[in-house]
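Heads up: take any position in the sequence shown, counting from 1, add 101, and you land on the numbering used here.
Every residue gets a Cβ at the ideal spot worked out from N, C-alpha and C, and that includes glycine.
Encoded as structure tokens, the structure appears first; notes follow it.
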Amino acid sequence: MVNKIFYLVLAVVGVPVNLMTILVLLRGKCGLSSCSTRYLLAMASGDLMFIIIEIGLRQLRVYYYPQSFLILTPVCSVIHALREAAVDLSVWFTVMSTFDRFVAICSLKLKATYCTNKTAVTVLATTTILFCLKNVPVYFKFKHGKIIDKVPWGCSLKKDYFTDIRWRSFAVLSMALTPMIPIALILILNALIFRRILMVNRARSSFKGQKNGDKVSDPEIESRKTTVILLFSISTSFIIMWSSHVLQLLKVLKPLLDFRQYQTFKSVAQMLRNLSCCANTFIYVVTQPKFREELKRMLKYPFTTIASYID
Numbered sequence: 102m103v104n105k106i107f108y109l110v111l112a113v114v115g116v117p118v119n120l121m122t123i124l125v126l127l128r129g130k131c132g133l134s135s136c137s138t139r140y141l142l143a144m145a146s147g148d149l150m151f152i153i154i155e156i157g158l159r160q161l162r163v164y165y166y167p168q169s170f171l172i173l174t175p176v177c178s179v180i181h182a183l184r185e186a187a188v189d190l191s192v193w194f195t196v197m198s199t200f201d202r203f204v205a206i207c208s209l210k211l212k213a214t215y216c217t218n219k220t221a222v223t224v225l226a227t228t229t230i231l232f233c234l235k236n237v238p239v240y241f242k243f244k245h246g247k248i249i250d251k252v253p254w255g256c257s258l259k260k261d262y263f264t265d266i267r268w269r270s271f272a273v274l275s276m277a278l279t280p281m282i283p284i285a286l287i288l289i290l291n292a293l294i295f296r297r298i299l300m301v302n303r304a305r306s307s308f309k310g311q312k313n314g315d316k317v318s319d320p321e322i323e324s325r326k327t328t329v330i331l332l333f334s335i336s337t338s339f340i341i342m343w344s345s346h347v348l349q350l351l352k353v354l355k356p357l358l359d360f361r362q363y364q365t366f367k368s369v370a371q372m373l374r375n376l377s378c379c380a381n382t383f384i385y386v387v388t389q390p391k392f393r394e395e396l397k398r399m400l401k402y403p404f405t406t407i408a409s410y411i412d
């Protein structure tokens with residue numbers, strides 16, 4: 102029952118919120134660089150795709166429309182493949198956004214050529230194509246559960262999936278690509294960014310005489326501070342919400358819990374992982390004042406338009 106309510110609320114809230122985020126970012130008035138905006142747009146679009154596929158077509162189907170065409174074997178196989186691609190893209194768009202900020206802050210020479218709209222579009226398009234191709238085999242790892250009137254229904258894993266070395270290798274590769282390598286990269290990149298910022302801030306503070314307690318406004322430091330707060334908030338949220346899923350994948354707690362407790366833990370881990378794909382918008386609202394202003398302006402726009410029309 103808890104799962105049913107959770108996924109319903111996630112779908113009802115997540116879809117309009119991510120759509121609103123996309124519209125706000127498209128206006129380009131949030132005080133972020135155009136390059137950062139591209140990556141945030143990709144993240145919001147990836148999160149929206151994940152909610153539609155994972156929550157709308159998979160989780161809610163179990164509770165609200167279990168006997169639908171979505172459980173036809175070809176259809177549910179496609180949904181599984183799209184779901185895996187959506188998870189990969191949601192995760193790796195976060196990694197690419199973090200790497201973009203790493204380059205912008207830590208490598209001034211590379212910044213001029215890498216932190217551009219053209220590079221951002223190229224990186225995002227390449228990432229999308231590669232992970233869509235990577236998940237094509239997912240379609241072929243399922244077989245029908247039953248056949249009714251010569252029509253295959255249901256999706257069950259093939260027996261070869263558990264024994265064939267090729268399938269086992271694919272499973273290990275999938276787990277490494279999402280989420281093991283991304284978590285490691287995000288931790289490393291954030292540590293390097295944080296170290297670089299401390300070094301630069303100390304140097305600038307010393308140069309401006311702030312060591313003696315003088316408080317001089319520095320627009321560059323303030324701008325960088327805003328960007329870094331956003332970056333660290335997204336990265337921290339990602340790691341916290343994925344950590345339980347990583348423990349579940351590695352089966353660390355399985356020997357310590359009984360069957361019922363472990364199933365509860367798996368359910369909670371999956372909910373947190375799914376929630377991570379909807380948390381970024383709330384992070385924007387909390388950490389970005391200009392994003393809040395644009396969001397309020399967009400929410401008020403229909404009412405102000407109607408009021409002006411009446412007047």
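Item                                                                                                              : Value
Within 8 Å, strictly: CB atoms of Ile156 and Leu120                                                               : no
Residue from Thr327, Ala186, Tyr262 and Thr337 whose Cα sits closest to the Cα of Ile289                          : Thr337
Nearest neighbour of Ile152, chosen from Arg184, Val163 and Leu171 [CA to CA]                                     : Arg184
Spatial neighbours of Leu354 in its chain, beta-carbon cut-off 8 Å, leaving aside the 5 residues before and after : Leu348, Tyr363 and Phe366
Reference Pro390; option with closest CA among Tyr108, Pro117 and Lys130                                          : Lys130
Contact set for Thr138: own chain, Cβ-Cβ below 8 Å, skip 5 residues either direction                              : Leu126, Gly129 and Cys131
Coarse secondary structure for Ser257, derived from DSSP in three states                                          : strand
Cβ-based neighbour list, Met197, same chain, cut-off 8 Å, excluding 5 preceding and 5 following                   : Tyr140, Ala143, Val224, Leu225 and Thr228
Own chain, CB closer than 6 Å to Ala187, minus 5 neighbours either side, in chain order                           : Met150, Phe151 and Ile154
Rounded Cβ spacing between Ser334 and Thr388 (contact assumed at less than 8 Å)                                   : 5 Å
DSSP-derived helix/strand/coil call for Leu161                                                                    : helix
Straight-line Cα distance separating Ala182 from Leu258                                                           : 13 Å
Whole-number beta carbon distance between Pro238 and Thr174, since they are thought to touch under 8 Å            : Not quite, the Cβ-Cβ distance comes to about 16 Å (not below 8 Å), so this is no contact.
Neighbourhood of Cys414 by C-beta, 6 Å cutoff - its chain only, sequence neighbours within 5 removed              : Lying before the first or after the last residue shown, residue 414 is absent from the chain, which here runs from 102 to 412.
Three or more C-beta pairs below 8 Å linking the stretch 157-164 and the stretch 102-111                          : yes
In DSSP terms, what Leu173 is bridged to                                                                          : Trp254
As assigned by DSSP and simplified to three states, the class of Lys242                                           : helix
Helix, strand or coil at Lys212 [DSSP, three-state]                                                               : helix
CA-to-CA distance, Gly246 to Tyr385, given in whole angstroms                                                     : 43 Å
Classification of Pro356 by the beta-carbon crowding that lies within 10 angstroms, buried from 16 upward         : exposed
For Lys352, the three-state DSSP class (helix, strand or coil)                                                    : coil
Bridge partners - Lys391, DSSP secondary structure assignment                                                     : Beta-bridge pairing links Lys391 to no other residue.
8 Å CB neighbourhood of Ile340 in its chain, flanking five on each side removed                                   : Ile284, Ile287 and Leu288
Which residues DSSP lists as bridging Ile249, in chain order                                                      : Val252
Near the ligand SAH: Gly132 beta-carbon under 7 Å from a heavy atom                                               : The model depicted lacks the ligand SAH and carries no ligand whatsoever.
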